[in-house]
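Take the sequence shown: its letter number 231 is residue 231 in the working numbering, and every next letter is one higher. Each residue gets a CB set at the ideal place from its N, CA and C atoms; glycine is no exception. Below you'll find the structure, written out as structure tokens, and then a few comments.
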Amino acid sequence: MSELHKFLFDGLPVRGMIVRLTQPWTEILARRAANTATGAYPPPVVELLGEMTAAAALMQANIKYNGALILQVFGDGPVKVAVAEVQADLSLRATAKVVGEVAADAGLPDMVNVHNKGRCAITLDPKDKVPGQQPYQGVVPLFGDQFEKLGKLSDVLEHYMLQSEQLDTTLVLAADDTVAAGLLIQRLPVKGEANLSGSSAAETNEDQIGRNEDYNRISILASSLTRDELLTLDIDTILHRLFWEEKVLRFEPQAGAHGPHFACTCSRERVAGMIRGLGEEEAEEILAERGDIEVGCDFCGKQYRFDAVDAAQIFKAPGDRPPGTTIVQ
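Shown next as structure tokens:
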């Protein structure tokens, strides 16, 4: 079962979260693998996209934003762009566009940042926009202060958090073809939410970067978590193994309908509406050429097929259509 746990360290300016994605992650991969136009993701892309999805879930849960948090990495490698999107209710989806061959041992620089021009963008898109309101977006390069290529997504996101919020952050991420998981440890802001709008608070937080002994100790413990442990151990075991000497205050876990779950906005009805927008004449030309109309969701990869009978129903007047069906052909 997919789940997300939040916790605090009693009396210390440190908070944490851990997420474990199973069914929603395997659903994302299954839809992509079933797409006859693209096929399954190469294993290194699975790992990168899984880490992104886990990280996006952690970041959304951390800020509790009423809208979509969209994490993207893009550049000049064989992975042109990878995207993970998480809504306020922790519904999520993810995709990657692969335009070249990905080596079996490819890392982040090999896939996205070949010539050190890759970027990472985090976008906050509000659910209820007011007129003229634009999404907020922060963009950072995929290199460090000395222009060295960053080898892991966690390094990139830690650097982003340090720049955007002046907060020390430790991320441990891992993914394979069955699980995507992540652990986040963060030093609490000196003045809470005022850090986002008050310059004095931001300056105080910046002065604390790297200096808080409690955070540094807990960060070292968190960083000792291995990839295999994160992927195979249950959350209770992980927290006990890492922080058994600390007093950890845990909140009610978010799981099931209230936890991370897969959702994509595509549907057969929406695709039918798009075909209707093409017009009957163009639809008939496609049918004559190919025998059916096939449309794939650019985000989740699910394919929708309409034969001549399906297409005829699309263009019938509403009163002439038979009762609808939920069966995807």
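Can you check which of these residues, the options, is closest to residue i by C-alpha distance?
i, options, result
"residue 293", "137, 266, 282 and 301", "282"
"residue 264", "167, 248 and 28", "28"
"residue 37", "46, 296 and 88", "296"
"residue 178", "279, 105, 25 and 56", "25"
"residue 227", "213, 209, 275 and 171", "171"
"residue 167", "147, 149 and 188", "188"
"residue 19", "174, 155, 267 and 287", "174"
"residue 211", "287, 233 and 169", "169"
"residue 300", "21, 22 and 30", "30"
"residue 122", "255, 140 and 217", "140"
"residue 120", "302, 158, 101 and 134", "158"
"residue 23", "86, 79, 256 and 70", "256"
"residue 64", "303, 124, 130 and 143", "124"
"residue 284", "298, 209, 312 and 176", "312"
Apply the 10 Å Cβ neighbour rule to residue i and answer buried if 16 or more other Cβ atoms are within range, or exposed otherwise.
i, result
"residue 68", "buried"
"residue 136", "exposed"
"residue 104", "exposed"
"residue 66", "exposed"
"residue 268", "buried"
"residue 270", "exposed"
"residue 278", "exposed"
"residue 164", "exposed"
"residue 258", "exposed"
"residue 138", "exposed"
"residue 331", "Any property of residue 331 remains undetermined from this structure, which presents the chain solely from 1 to 329."
"residue 16", "buried"
"residue 60", "buried"
"residue 274", "exposed"
"residue 238", "buried"
"residue 147", "exposed"
"residue 5", "buried"
"residue 111", "buried"
"residue 251", "exposed"
"residue 156", "buried"
"residue 235", "buried"
"residue 34", "exposed"
"residue 134", "exposed"
"residue 129", "exposed"
"residue 161", "buried"
"residue 302", "buried"
With residue i and residue j assumed to form a contact (beta carbons below 8 angstroms), what rounded beta-carbon distance in angstroms separates them?
i, j, result
"residue 117", "residue 145", "Rounded, the Cβ-Cβ distance is 17 angstroms, inconsistent with contact."
"residue 185", "residue 14", "7 angstroms"
"residue 248", "residue 74", "Not quite, the Cβ-Cβ distance comes to about 37 angstroms (not below 8 angstroms), so this is no contact."
"residue 88", "residue 127", "7 angstroms"
"residue 108", "residue 151", "6 angstroms"
"residue 86", "residue 57", "5 angstroms"
"residue 314", "residue 288", "Actually they are not in contact, since the Cβ atoms of residue 314 and residue 288 sit about 16 angstroms apart, beyond 8 angstroms."
"residue 21", "residue 260", "6 angstroms"
"residue 100", "residue 131", "Their Cβ separation, rounded to whole angstroms, is 42 angstroms, which puts residue 100 and residue 131 out of contact at 8 angstroms."
What did DSSP end up calling residue i once you bin it into helix, strand or coil?
i, result
"residue 304", "strand"
"residue 2", "coil"
"residue 141", "strand"
"residue 126", "strand"
"residue 271", "helix"
"residue 223", "helix"
"residue 26", "helix"
"residue 63", "helix"
"residue 314", "helix"
"residue 209", "coil"
"residue 8", "strand"
"residue 146", "coil"
"residue 162", "helix"
"residue 17", "strand"
"residue 299", "coil"
"residue 229", "helix"
"residue 86", "strand"
"residue 215", "helix"
"residue 294", "strand"
"residue 169", "strand"
"residue 278", "helix"
Between residue i and the ligand COA, is there a pair consisting of the residue's CB and a ligand heavy atom that are separated by less than 7 angstroms?
i, result
"residue 132", "The ligand COA is not part of the structure shown, which contains no ligands of any sort."
Any beta-carbon of chain B closer than 8 angstroms to the one on residue i?
i, result
"residue 185", "Protein chains in the displayed structure number just one, and chain B is not present."
Does the stretch 91-98 come close enough to the stretch 42-59 that 3 or more CB-CB pairs lie under 8 angstroms? yes
Would the stretch 235-252 and the stretch 212-222 be scored as touching if the rule is three or more Cβ pairs under 8 angstroms? yes
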